[in-house]
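Residues in the sequence shown are numbered from 2 upward in steps of one, following the working numbering. A virtual CB, placed ideally from N, CA and C, is assigned to each residue, including glycine. Computed from a predicted structure; not experimentally measured.
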Amino acid sequence: MVTLHVTRELAGALKLPAKLAVDSTAPGSTLGPWSLGLVHCRPAKLVVAVSASTRWAMALHAAPLATLRERFGPALLLNLLALGVPPDHARAEVDAHVPVLWALGHDRGVLAHLNQCAADVLWAANDGLSLPSVNQRLAERIVMKPQTGTPSTEVLRLLGGDPNSLSARMRAEGAEWHDMYALMQAQAGQEVVTLPVLRLLGTEQLEARHQAIILMDRLPVDQRRSLPSGRPPRWVPRELVLDLQGIEAAGPAFAAALHAEALALGLRQITLRNALEEVAAQLLQIQ
């Protein structure tokens, strides 16, 4: 079984009794108990859950609240599989969560981490990230207490995954960033600059406003130019080519932000290359 400790706000939304008895002697799961809180983000409210034993966090849709307890296990399974936990180990962990019990009150350290994750979820969701992307962001969180590290690594270690996979991926991304910086700087001063979007952003889903800002910040640095905003000066070419090879989706939040960034920089022409039809339709407004 597993105990889900909820905040007073979430308990009120769930219409739970003012007092809840918990059997502290009952066996639990590897990742439990959990602390849950409600996040008032757009376009829909989310619930963020933090594992007390690892500080690993995940988010799931709040509605319908009446089925939150039943939906917790399936949501946990999806996130464990996305993290890289072997399917049989992930299923065993989810099965160990039955039955699910409600409780009030939190360990102070866990509650502090819950509040930090809730703030991160609020920003990410309002920025345009989908639920899977929000959970990927949570999986990459680094904590300083009770020990320094990535909670996801501890989850993988406990549940039979490869705890070194996350570190290896982060090292690979760091090396890729240096290669891409050299590639972009080599285009400084050219009339046509090409941005390989997938390599620059490292994601197949273009969703968030900050992704558009990051993309435009990869334009070559131009020390001869100054921007009134105080941002680093960038070379603004006559034509910017966005190579969308490998990009599977683009959302309205990303498209609107890209349009705004292009106007702010003074770009005169943006050309889409290797774009899927549906991706091109989403980004048509920046033409």
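query = Is there contact between the stretch 68-86 and the stretch 160-180, where contact requires at least three CB pairs shorter than 8 Å?
reply = With a cut-off of 8 Å, the stretch 160-180 and the stretch 68-86 count as touching, because enough Cβ pairs lie within range.
key: Coil, strand or helix - I271 by DSSP   = Residue numbering aside, residue 271 sits at position 270 when the sequence shown is read from its first letter. Reduced to three states, the DSSP call for I271 is strand.
ask   = Between which two residues does the beta strand (DSSP E) carrying L300 extend?
value = Outside the displayed span of the chain (2 to 288) sits residue 300, for which this structure offers no information.
ask   = Is it the case that the Cβ atoms of P221 and Q246 are separated by a distance below 7 Å?
value = As a first step, residue 221 must be located in the sequence shown, where it is residue number 220. As a first step, residue 246 must be located in the sequence shown, where it is residue number 245. Here P221 is not near Q246, since their CB atoms are 7 Å or more apart.
query = Out of curiosity, what's the CA-to-CA distance linking A176 and W103?
reply = Position 175 of the sequence shown holds residue 176. Position 102 of the sequence shown holds residue 103. Rounded to the nearest angstrom, the two C-alpha atoms are 45 Å apart.
inquiry  = Rounded to the nearest angstrom, what separates E240 and W178 at their Cα positions?
reply    = Within the sequence shown, the letter at position 239 stands for residue 240. Within the sequence shown, the letter at position 177 stands for residue 178. In this structure, the alpha-carbon of E240 lies about 23 Å from that of W178.
query = Touch check for the stretch 27-44 and the stretch 136-143: three-plus C-beta pairs under 8 Å?
reply = No: fewer than three Cβ pairs fall under 8 Å.
Validate contact between the stretch 92-102 and the stretch 67-76 using beta carbons, cut 8 Å, 3 pairs = Here the stretch 92-102 makes contact with the stretch 67-76; the two share three or more CB pairs at distances below 8 Å.
request  = Classify Q288 as helix, strand or coil using the three-state DSSP reduction.
outcome  = Translated into positions along the sequence shown, residue 288 becomes position 287. Because the pLDDT of Q288 is 49, which lies under 50, any placement of that residue in the model is unreliable, and the question is left without a value.
ask   = Do you know whose CA, among L284, M2 and G150, lies nearest G74's CA?
value = Here the question's residue 74 lines up with position 73 in the sequence shown. That would be M2, whose Cα lies nearest to the Cα of G74.
task = May I have the straight-line CA-CA distance separating Q191 from W236, to the nearest angstrom?
result = Numbered from its first residue, the sequence shown carries residue 191 at position 190. Numbered from its first residue, the sequence shown carries residue 236 at position 235. Each residue's Cα considered, the two are about 9 Å apart.
key: Best match in V135, T151 and L196 for proximity to T55 [C-alpha to C-alpha]   = As a position in the sequence shown, residue 55 is number 54, starting the count at 1. When the alpha-carbon of T55 is set against those of V135, T151 and L196, the nearest one is in T151.
request  = Per DSSP, which residues does G38 bridge with? Please list them.
outcome  = To locate residue 38, count along the sequence shown from 1; it is residue 37. Within the DSSP bridge table, the entry for G38 names V49 as partners.
ask   = Going by DSSP, which residues form a beta bridge with G29?
value = Within the sequence shown, the letter at position 28 stands for residue 29. DSSP output for G29 lists no bridge partner at all.
inquiry  = I'd like the list of long-range same chain contacts for L273, defined as Cβ closer than 7 Å, with 5 residues on each side in sequence excluded.
reply    = Within the sequence shown, residue 273 is the residue found at index 272, counting from 1. Excluding residues within five positions, the ones whose Cβ falls inside 7 Å are L243, L245, A281 and L284.
ask   = Would you report the Cα separation of P164 and D223, rounded to the nearest angstrom?
value = For the purposes of this step, residue 164 is identified with residue 163 of the sequence shown, where counting begins at 1. For the purposes of this step, residue 223 is identified with residue 222 of the sequence shown, where counting begins at 1. In this structure, the alpha-carbon of P164 lies about 41 Å from that of D223.
ask   = Could you give the distance in angstroms between the alpha-carbon of A64 and the alpha-carbon of A12?
value = The residue given as residue 64 occupies position 63 in the sequence shown. The residue given as residue 12 occupies position 11 in the sequence shown. Rounded to the nearest angstrom, the two C-alpha atoms are 14 Å apart.
task = Assess, as a yes-or-no matter, whether the stretch 90-97 is touched by the stretch 108-116 under the definition of 3 or more beta carbon pairs within less than 8 Å.
result = Not touching, per the Cβ criterion.
Minimum C-alpha distance to G1 - residue among K46, V51 and G129 = Residue 1 falls outside the range modelled here, since the chain spans only 2 to 288, and no answer is possible.
ask   = Where L17 and A257 are concerned, what is the direct C-alpha to C-alpha distance, given to the nearest angstrom?
value = Locating residue 17 in the sequence shown gives position 16, counting from the first residue. Locating residue 257 in the sequence shown gives position 256, counting from the first residue. Computed Cα separation, rounded: 41 Å.
query = Roughly how many angstroms lie between the CA atoms of K20 and R9, to the nearest whole one?
reply = Position 19 of the sequence shown, counting from 1, holds the residue named residue 20. Position 8 of the sequence shown, counting from 1, holds the residue named residue 9. Cα to Cα, the separation comes out at about 11 Å.
message = Which of the three DSSP states is assigned to E1 in this structure?
response = Past the edges of the chain, shown from 2 to 288, lies residue 1, and the structure says nothing about it.
message = Please return the same chain residues whose Cβ sits closer than 8 Å to the Cβ of A254, not counting the five positions on each side in sequence.
response = Counting from 1 along the sequence shown, the entry for residue 254 is found at position 253. Once the five neighbours on either side are set aside, the close Cβ partners of A254 are D128, G129, E208, A209 and R210.
ask   = DSSP three-state call for W178: helix, strand or coil?
value = Taking the first residue of the sequence shown as 1, we reach residue 178 at position 177. Secondary structure at W178: helix, using DSSP grouped into helix, strand and coil.
ask   = Ordered along the chain, which non-local residues of its own chain (more than five positions away) have a Cβ less than 6 Å from that of G33?
value = Position 32 of the sequence shown holds residue 33. If we look at G33 and ignore the five residues flanking it on each side, its Cβ neighbours are V3.
request  = Pull up the DSSP beta-bridge partners for L199, would you.
outcome  = Stepping through the sequence shown from its first residue, residue 199 is reached at position 198. None, per the DSSP bridge assignment.
task = Can you tell me which of the three DSSP states A189 falls into?
result = By 1-based counting over the sequence shown, the position of residue 189 is 188. DSSP places A189 outside both helix and strand once states are collapsed to three, so it counts as coil.
ask   = Mapping DSSP to helix, strand and coil, what is R92?
value = Residue numbering aside, residue 92 sits at position 91 when the sequence shown is read from its first letter. R92 sits in a helix when the DSSP states are folded into three classes.
query = Are I248 and L196 close, meaning C-beta to C-beta below 7 Å?
reply = What you label residue 248 is simply residue 247 of the sequence shown in a count that begins at 1. What you label residue 196 is simply residue 195 of the sequence shown in a count that begins at 1. A distance of 7 Å or more separates the beta carbons of I248 and L196.
ask   = Could you check where the alpha helix (DSSP H) with V111 kicks off and where it finishes?
value = Within the sequence shown, residue 111 is the residue found at index 110, counting from 1. V111 -> alpha helix (DSSP H) spans R109 to D128.
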